[in-house]
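For reference, the structure is listed below as structure tokens.
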Amino acid sequence: MRAPFLVTLPLALLLAATPAASRDLDQDEALRLRNEGLIVPLETLIQRAMERYPGARLLEAELEEEDDIYVYEIELLTTQGVARELEFDARDGRLIKDEED
Amino acid sequence: MKSIQRSLGLALIATLLLVALVLVQTSLWLFESGLRRSLETDLREETEGLLIALVKGPNGDQLDLQRLNPRYQRPFSGHYFKIELPGRTWRSRSLWDATPDWPARSGLADELLDGPQGQRLLGYRAEYRRDGQPIIISVAQDYTPVLDSFARVRLSGLGLVGFALLALLLLQRYAMGLALRPLERARQQIAQLQQGQRQQLDQQAPVELQPLVEQINHLLSHTEETLQRSRHALGNLGHALKTPLAVLGSLVQREELAAHPDLQASLQEQLSQIQQRVSRELGRARLSVDVLPGAHFDCDAELPALFDTLAMIHRSDLELRWHAPDGCRLPRDREDMLELLGNLLDNACKWASSRVELTIERSGDGFVLLVDDDGPGIPAQQREKVIDRGVRLDETSEGHGLGLGIVSDILTAWRGEWNLEESPLGGLRVRVALPAIR
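If you're matching them up, the sequences are chains A and B in order. Per full-length UniProt numbering, residue 1 is the first one in the first sequence, and the count goes up by one each step. Per full-length UniProt numbering, residue 1 is the first one in the second sequence, and the count goes up by one each step.
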């Protein structure tokens with residue numbers, strides 16, 4: 001019982017201390033936000049990312065809330081085998097960042 | 001033109017295409033239904049695994065993420081689930097914001113579901129009860145890779161069918177050529193028949209052609225028989241008329257009629273006309289049929305006998321000669337040829353002073369016959385007349401009888417040509433050109 005507590009307490013403190021809180025949203029929240037029309041469907045963003053890197057494979061997608069802005073982080077594996085991380089504004093699908101992971 | 005080859009080929013293609021398509025489609029269908037059964041088992045096991053992952057926690061039911069397959073975590077991974085309890089629902093993270101139409105009935109869904117990113121999902125729904133509450137677990141798996149590979153298999157199967165068809169067509173063409181070869185042989189034999197090189201078709205034909213060959217042989221012997229019969233009938237008629245005509249001829253000479261010279265002369269003339277007419281018609285009737293099967297004139301066998309006869313009939317001081325290629329066989333009826341040569345040579349012997357020569361030469365596919373004598377010959381301006389109106393001239397010149405008239409008839413029937421020239425021997429040369437028989 002002790003060990004988990006000793007690990008979780010500093011983590012919680014660290015999280016609380018971070019001013020610009022960024023939070024990962026789960027699938028249920030994503031579905032709700034999409035149904036409410038607050039964010040674009042993930043499929044659209046993936047399509048957009050694929051247009052930049054044809055033939056690439058989707059590795060991971062995450063929806064984050066940073067300072068009340070929803071950001072989609074999409075990780076792709078290009079045909080050359082390079083992993084890239086793309087960030088989109090989840091509200092309008094605007095590309096924010098495209099860099100090698 | 002209608003081609004046996006083509007119609008057989010079309011029938012073959014149609015049959016094979018139908019069989020091949022049915023085979024390819026059926027085997028794919030059987031394979032797919034087997035695959036779906038196996039996938040159904042997998043999916044059911046997935047639902048059971050999810051049921052195990054649903055554990056009792058301090059805050060009621062919760063999903064143990066440790067027990068979940070990682071492929072349910074990656075968005076749009078192609079493996080999805082949804083767990084429904086009366087108060088709560090879990091969706092796999094892989095589903096993210098997609099909402100497929102989950103099957104409404106338990107078991108494997110009949111139709112494929114539409115998933116994210118154009119995926120086609122094979123869905124399965126299981127209903128369980130635990131702790132008195134119903135649990136509905138639906139799972140789905142991306143089926144597009146299977147569909148893609150099936151399309152590829154179908155395409156390569158069709159390619160294989162096309163290749164097999166092509167190979168079979170070539171094989172069939174070859175077999176057909178082989179099968180039709182006896183027909184070509186029969187055609188060649190019929191051509192030989194026409195050229196007089198054989199009497200009948202070869203009996204040793206394939207079973208399928210045997211009836212045809214037999215029928216043709218039968219027809220040939222029948223034709224031959226009929227021809228012989230009508231020749232005999234005409235010959236008999238000619239002979240039958242000869243005696244009465246001879247009797248009439250001697251009756252005309254009797255003294256009772258000598259008192260009426262005009263009447264006698266007129267009767268005599270009419271009688272000789274009847275005689276000529278009968279002889280000519282007999283000759284024509286024999287010529288009315290083209291070359292008979294097997295009819296040919298063997299120079300080596302026939303010419304010596306013919307020249308012996310001529311030597312016997314004519315003056316003994318005549319020098320008779322003939323030249324012909326070795327083994328020369330003229331593809332014409334023997335009797336007609338004897339008649340033709342006999343008449344020409346007889347004429348030559350009558351006019352010759354010491355020499356008569358017959359020369360037979362090949363000329364292309366046909367033959368040329370030359371009859372030369374060293375007699376007085378015929379002046380150039382009259383030669384045409386002899387050819388054009390040979391009969392009329394014959395009638396006026398005593399002793400020639402029908403000779404040149406029959407020659408003319410025979411050559412017309414053979415589509416041959418003849419003309420008169422000056423002979424190197426000094427007299428007349430008769431040149432006869434016999435075309436090849438088509």
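From the three backbone atoms N, C-alpha and C, an ideal C-beta is built for every residue, glycine too.
| query | Which residues in the same chain as B/Leu320 place their Cβ atom closer than 7 Å to its Cβ, once the five residues preceding and following it in sequence are excluded? | reply | As a first step, residue 320 of chain B is located in the second sequence; it is residue number 320 there, counting from the start. Contacts found: Phe307, Leu310, Ala311, Val356.
| query | Which one or two residues does DSSP pair with B/Gly366 in a beta bridge? | reply | For the purposes of this step, residue 366 of chain B is identified with residue 366 of the second sequence, where counting begins at 1. For B/Gly366, which the question treats as bridged, DSSP gives the partners B/Ser363.
| query | For B/Pro424, which three-state DSSP category applies? | reply | Residue mapping note: residue 424 of chain B aligns to position 424 of the second sequence, counting from 1. Here B/Pro424 sits in coil by DSSP.
| message | If we define contact as Cβ-Cβ less than 8 Å, is A/Leu13 a contact residue for chain B? | response | Your numbering for residue 13 of chain A matches position 13 in the first sequence. Its pLDDT being 48, under 50, A/Leu13 is placed unreliably in this model, and the value from its coordinates should be taken loosely. Chain B contact via Cβ: absent.
| query | Out of B/Phe367, B/Trp414, B/Arg362, B/Leu428, which has the shortest C-alpha to C-alpha gap to B/Gln382? | reply | Within the second sequence, numbered from 1, the residue matching residue 382 of chain B stands at position 382. Comparing Cα-Cα distances from B/Gln382 to each of B/Phe367, B/Trp414, B/Arg362, B/Leu428, the minimum goes to B/Leu428.
| query | Does any CB atom of chain A fall closer than 8 Å to the CB of B/Arg91? | reply | Position 91 of the second sequence, counted from the start, is the residue given in the question as residue 91 of chain B. Output row for B/Arg91: interface = yes.
| query | Which one of B/Gly118, B/Arg130, B/Leu169 has the shortest CA to CA distance from B/Gly9? | reply | Numbered from 1 along the second sequence, position 9 holds the residue referred to as residue 9 of chain B. Nearest option by C-alpha distance: B/Leu169.
| field | Proximity of B/Gln119 and B/Thr144 at Cβ, strictly below 8 Å | value | Start at 1 with the first residue of the second sequence, and residue 119 of chain B comes out as number 119. Start at 1 with the first residue of the second sequence, and residue 144 of chain B comes out as number 144. Contact: yes.
| Is B/Phe297 helix, strand or coil when you go by DSSP? | Indexing the second sequence from 1 puts residue 297 of chain B at position 297. Note: B/Phe297 maps to strand in three-state DSSP.
| said: Please report the distance separating the alpha-carbon of B/Asp346 from that of B/Ser279. | reply: On the second sequence, residue 346 of chain B is found 346 positions in, with the first residue counted as 1. On the second sequence, residue 279 of chain B is found 279 positions in, with the first residue counted as 1. Near 17 Å, if we compare the C-alpha coordinates of B/Ser279 and B/Asp346.
| request: Compare the C-alpha of B/Trp90 against each of B/Ile136, B/Leu43, B/Gln228 and name the closest. | output: Within the second sequence, the letter at position 90 stands for residue 90 of chain B. Closest option to B/Trp90, Cα to Cα, is B/Ile136.
| field | Neighbour list for B/Arg74 in chain A, Cβ cutoff strictly below 7 Å | value | As a first step, residue 74 of chain B is located in the second sequence; it is residue number 74 there, counting from the start. Residues of chain A whose Cβ lies closer than 7 Å to the Cβ of B/Arg74 are, in chain order, Glu60.
| task | Spatial neighbours of A/Arg23 within its chain, please: CB distance less than 6 Å, with the 5 preceding and 5 following residues excluded, ordered by chain position. | result | Walking along the first sequence from the start, residue 23 of chain A turns up at place 23. The residues are Glu65.
| Considering only residues of the stretch 89 to 120 of chain B, which uninterrupted beta strand (DSSP E) runs meet the minimum length of 3 residues and lie entirely inside it, listed in chain order? | Complete beta strand (DSSP E) runs here, min 3: 89 to 91.
| request: Sort out for me which residues DSSP pairs B/Gln273 with in a bridge. | output: Looking up residue 273 of chain B in the second sequence gives position 273. None, per the DSSP bridge assignment.
| Cross-strand partners of B/Lys385 (DSSP beta bridge) | The residue labelled residue 385 of chain B in the question sits at position 385 within the second sequence. Answer is none; B/Lys385 lacks a bridge partner.
| message | What would DSSP say about B/Asp394, mapped onto helix, strand or coil? | response | Counted from its first residue, the second sequence places residue 394 of chain B at position 394. Only weak support is given to the placement of B/Asp394: the predicted model assigns it a pLDDT of 41, under 50, and the question is left unresolved by the model.
| query | For a contact meaning CB atoms closer than 7 Å, what does B/Leu95 contact in chain A? | reply | Here residue 95 of chain B is taken as the residue at index 95 of the second sequence, counted from 1. Correct list: Gln27.
| In angstroms, rounded to a whole number, what distance separates the CA positions of A/Arg94 and A/Leu45? | Position 94 of the first sequence, counted from the start, is the residue given in the question as residue 94 of chain A. Position 45 of the first sequence, counted from the start, is the residue given in the question as residue 45 of chain A. Cα-Cα distance, rounded: 9 Å.
| message | For chain B, check one thing: does any of its Cβ atoms lie closer than 8 Å to the Cβ of A/Ile69? | response | Here residue 69 of chain A is taken as the residue at index 69 of the first sequence, counted from 1. With 8 Å as the cut-off, A/Ile69 does not count as an interface residue toward chain B.
| Within 8 Å, strictly: CB atoms of B/Gly327 and B/Asp300 | Against the second sequence, residue 327 of chain B aligns to sequence position 327. Against the second sequence, residue 300 of chain B aligns to sequence position 300. With contacts defined by Cβ atoms closer than 8 Å, B/Gly327 and B/Asp300 form a contacting pair.
| query | Any idea which residues DSSP pairs A/Ile74 with across the strands? | reply | Numbered from its first residue, the first sequence carries residue 74 of chain A at position 74. In the DSSP output, where bridge partners are listed per residue, A/Ile74 has A/Ala61, A/Leu86.
| query | Does any C-beta atom of chain B lie closer than 8 Å to the C-beta of A/Glu64? | reply | Start at 1 with the first residue of the first sequence, and residue 64 of chain A comes out as number 64. Judged by the 8 Å Cβ criterion, A/Glu64 is not in contact with chain B.
| request: Quick one: grab the DSSP three-state call for B/Leu12. | output: Within the second sequence, residue 12 of chain B is the residue found at index 12, counting from 1. Helix at B/Leu12.
| request: With a threshold of 16 other CB atoms inside 10 Å of the CB of B/Val22, please say whether the residue is buried or exposed. | output: For the purposes of this step, residue 22 of chain B is taken as residue 22 along the second sequence, with counting starting at 1. Exposed, by the Cβ-count rule.
| field | Within 7 Å of chain A by C-beta, residues of the stretch 106 to 121 of chain B in sequence order | value | Under the 7 Å Cβ criterion, the stretch 106 to 121 of chain B contributes Pro116, Gln117.
| query | What does a CB cutoff of less than 8 Å around B/Leu212 pick up in its chain, not counting 5 residues either side in sequence? | reply | As a first step, residue 212 of chain B is located in the second sequence; it is residue number 212 there, counting from the start. Within the same chain, B/Leu212 has close Cβ partners Ala186, Ala205.
| Less than 8 Å separating the beta-carbons of B/Val146 and B/Leu35? | If you number the second sequence from 1, residue 146 of chain B lands on position 146. If you number the second sequence from 1, residue 35 of chain B lands on position 35. Yes, Cβ-Cβ distance for B/Val146 and B/Leu35 is below 8 Å.
| Within 8 Å (strictly less), CB to CB, does A/Pro41 reach chain B? | Position 41 of the first sequence, counting from 1, holds the residue named residue 41 of chain A. Chain B, which has a Cβ nearer than 8 Å to the Cβ of A/Pro41, makes this yes.
| request: Within its chain, find whatever has a CB closer than 8 Å to the CB of B/Glu329; leave out the 5 residues flanking it on each side and keep chain order. | output: Position 329 of the second sequence, counting from 1, holds the residue named residue 329 of chain B. Per the sequence shown, the amino acid found at residue 329 of chain B is Arg instead of Glu. Around B/Arg329: Gly196, His296, Phe297, Asp298, Cys299.
| task | Could you spell out where the beta strand (DSSP E) holding A/Ser22 opens and where it closes? | result | One-based indexing of the first sequence puts residue 22 of chain A at position 22. Where A/Ser22 is concerned, the enclosing beta strand (DSSP E) starts and stops at 22 to 25.
| request: Quick one: residues in its chain with C-beta nearer than 6 Å to the C-beta of B/Gly249, no 5 flanking neighbours on either side, listed in chain order? | output: By one-based count along the second sequence, residue 249 of chain B stands at place 249. Cβ within range, chain order: Leu271.
| message | Any beta carbon of chain B sitting closer than 8 Å to that of A/Ile46? | response | On the first sequence, residue 46 of chain A is found 46 positions in, with the first residue counted as 1. True, the Cβ-Cβ gap to chain B drops below 8 Å.
| DSSP state of A/Gly93, grouped into three classes? | By one-based count along the first sequence, residue 93 of chain A stands at place 93. A/Gly93: coil per DSSP, three-state reduction.
| Helix, strand or coil at B/Pro376 [DSSP, three-state] | For the purposes of this step, residue 376 of chain B is taken as residue 376 along the second sequence, with counting starting at 1. Three-state DSSP puts B/Pro376 in coil, outside helix and strand.
| Taking 8 Å as the CB-CB limit, is A/Arg52 close to chain B? | By one-based count along the first sequence, residue 52 of chain A stands at place 52. A/Arg52 does not count as touching chain B.
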